[in-house]
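Note sheet for the following structure.
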Amino acid sequence: MDTLTHSLLGGVAIRAAFPAEGSRVSLNNRQRLTVGALAAAFPDIDYLASWVDPMVYLTRWHRGVTHSLVLMPLWAIVVGVLLALLFRRRAHWRYFSLLAGTAVLTHIFSDLITVYGTQILAPLSSWRASFGITFIIDPWFTAIVLAGFVLGLRDRPWLPPSLFLGALVAYLALESAMKLQSLTVAEDHIQRHGLLEAHATALPQPFSPFNWKLVVGWDDHYDVAYINLAGGYSVGVDETGFWAEARRTYRVADRPAWQTFSRYGVEPGTIDLARRLWRNHQLDYFRQFAAFPILYRVDHASNHECLWFTDLRYVLPFMTPPFRYGLCRTDRQTDWHLYRLTMQGTPQRL
Numbered sequence: 003m004d005t006l007t008h009s010l011l012g013g014v015a016i017r018a019a020f021p022a023e024g025s026r027v028s029l030n031n032r033q034r035l036t037v038g039a040l041a042a043a044f045p046d047i048d049y050l051a052s053w054v055d056p057m058v059y060l061t062r063w064h065r066g067v068t069h070s071l072v073l074m075p076l077w078a079i080v081v082g083v084l085l086a087l088l089f090r091r092r093a094h095w096r097y098f099s100l101l102a103g104t105a106v107l108t109h110i111f112s113d114l115i116t117v118y119g120t121q122i123l124a125p126l127s128s129w130r131a132s133f134g135i136t137f138i139i140d141p142w143f144t145a146i147v148l149a150g151f152v153l154g155l156r157d158r159p160w161l162p163p164s165l166f167l168g169a170l171v172a173y174l175a176l177e178s179a180m181k182l183q184s185l186t187v188a189e190d191h192i193q194r195h196g197l198l199e200a201h202a203t204a205l206p207q208p209f210s211p212f213n214w215k216l217v218v219g220w221d222d223h224y225d226v227a228y229i230n231l232a233g234g235y236s237v238g239v240d241e242t243g244f245w246a247e248a249r250r251t252y253r254v255a256d257r258p259a260w261q262t263f264s265r266y267g268v269e270p271g272t273i274d275l276a277r278r279l280w281r282n283h284q285l286d287y288f289r290q291f292a293a294f295p296i297l298y299r300v301d302h303a304s305n306h307e308c309l310w311f312t313d314l315r316y317v318l319p320f321m322t323p324p325f326r327y328g329l330c331r332t333d334r335q336t337d338w339h340l341y342r343l344t345m346q347g348t349p350q351r352l
């Protein structure tokens with residue numbers, strides 16, 4: 003989930019859970035919203051680690067110790083003390099720590115519902131938990147908490163913030179139901195083609211809770227389809243551009259367009275090399291991160307050769323994948339080195 007949405011949710015949660023009436027610490031609505039927003043944004047401070055090592059940050063550090071339920075009490079106290087000093091209420095650091103802990107919990111929860119995975123047991127375990135029901139940027143989720151945050155600024159809002167939290171729970175229930183429904187489409191594909199050892203996954207997609215990506219994994223291959231459970235989109239044959247392509251991607255659920263991807267590509271001369279390079283120790287971290295790794299592309303030029311890998315979780319037909327890592331060499335006599343393919347398409351050595 004993006005940091006702005008985390009902050010909005012944290013503010014609404016504090017505003018709803020800790021009313022001004024009856025509190026020993028006098029904080030008005032704006033102050034409580036601010037406390038919740040600042041504390042809820044704290045776990046994403048791990049982004050600073052990306053300046054040290056982008057690869058390790060991506061696969062190990064992001065959503066690690068700062069997103070841990072094990073360490074949450076520590077972060078609650080640290081952030082609570084800082085906020086108590088900021089608001090000049092040093093004597094009430096325990097109360098601010100309680101608010102901070104609640105807000106940090108909303109951050110961890112709203113990351114858990116995405117597909118990236120969150121190390122809730124760090125540093126005891128690097129296991130990543132994920133419910134996978136919400137796309138990493140969800141405009142509907144954000145709109146609900148934004149409305150609750152804005153109305154929460156009023157002394158007596160005509161709609162209480164707790165109502166928006168209830169609406170959020172209902173929205174997540176809808177997404178969960180859509181995930182289960184989309185999995186039935188994938189299971190039907192498995193049975194129809196006799197893929198007895200295959201496993202099915204449904205991944206939430208952007209723009210709508212009815213958009214889903216289906217991934218059926220078998221051997222070193224993945225069958226992928228994009229569906230819309232609300233009946234698909236109406237797109238004119240002459241329509242072009244980003245939004246037309248995005249709407250065209252998601253088909254009606256009873257007529258999915260399946261496409262097969264291979265982990266090591268399909269070119270006979272490339273498969274063995276891709277298989278060998280995928281096991282190269284320089285890609286250890288990316289192998290641990292990628293749930294559905296595939297060979298993204300092969301670059302052959304007069305002065306270099308590169309094999310790029312990506313993760314199908316983040317591949318969309320109408321967007322450039324954000325995570326593309328590979329190995330390059332300048333000629334056949336030199337060693338392979340780790341590179342990242344930037345969004346501009348430029349190889350960047352790591």
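For the sequence shown, the positions run 3 to 352 when the numbering used here is used. Even glycine gets a Cβ: it sits at the ideal position worked out from N, Cα and C.
Using alpha carbons as the reference points, say which of the options lies closest to residue i.
i, options, result
"P162", "F320, I146, W220, V218", "I146"
"P206", "F137, L285, H195, R249", "F137"
"D313", "S264, W338, Q284, G271", "S264"
"H306", "L297, R351, Y118, D274", "R351"
"A255", "Y341, E199, V187", "V187"
"P324", "W310, D333, R331", "W310"
"T348", "G119, R326, A93", "R326"
"W338", "S164, L329, Q346", "L329"
"R194", "W260, I139, W245", "W260"
Using three-state DSSP, classify residue i as helix, strand or coil.
i, result
"Q346", "coil"
"M74", "helix"
"N230", "strand"
"Y118", "coil"
"R253", "strand"
"I135", "coil"
"V147", "helix"
"D113", "helix"
"L60", "helix"
"L85", "helix"
In whole angstroms, what separates the C-alpha of residue i from that of residue j?
i, j, result
"V237", "L216", "22 Å"
"E189", "L231", "15 Å"
"I47", "T68", "8 Å"
"E241", "P258", "21 Å"
"K181", "H8", "23 Å"
"F44", "V81", "8 Å"
"R62", "E199", "30 Å"
"R334", "L88", "59 Å"
"Y341", "T272", "19 Å"
"M1", "L107", "The structure shown does not extend to residue 1, since the chain spans only 3 to 352, so no value can be given for it."
"T116", "M3", "7 Å"
"A86", "H94", "7 Å"
Could you spell out where the beta strand (DSSP E) holding residue i opens and where it closes?
i, result
"Q261", "261-264"
"W214", "213-220"
"F288", "Note, F288: premise wrong, no beta strand (DSSP E); alpha helix (DSSP H) at 286-291."
"T356", "Absent from the structure is residue 356, since the part of the chain shown begins at 3 and ends at 352."
"T203", "201-206"
At which residues does the alpha helix (DSSP H) containing residue i begin and terminate?
i, result
"R158", "Segment: none, R158 is in no alpha helix (DSSP H) and carries neither H nor E."
"G12", "5-19"
"H195", "163-195"
"V37", "31-43"
Closer than 9 Å, CB to CB, is residue i near chain B or not?
i, result
"P349", "Although the question refers to chain B, the structure presented lacks it and comprises just one protein chain."
Determine, using beta-carbon pairs with one atom in the stretch 147-159 and one in the stretch 209-227, whether at least three such pairs fall under 8 Å.
-> Contact between the stretch 147-159 and the stretch 209-227 is absent, because fewer than three Cβ pairs lie under 8 Å.
Is the stretch 108-127 touching the stretch 61-75 in the sense that three or more CB pairs, one from each, lie closer than 8 Å?
-> Enough Cβ pairs lie closer than 8 Å, so yes.
Three or more C-beta pairs below 8 Å linking the stretch 72-86 and the stretch 97-116 = The stretch 72-86 vs the stretch 97-116: in contact.
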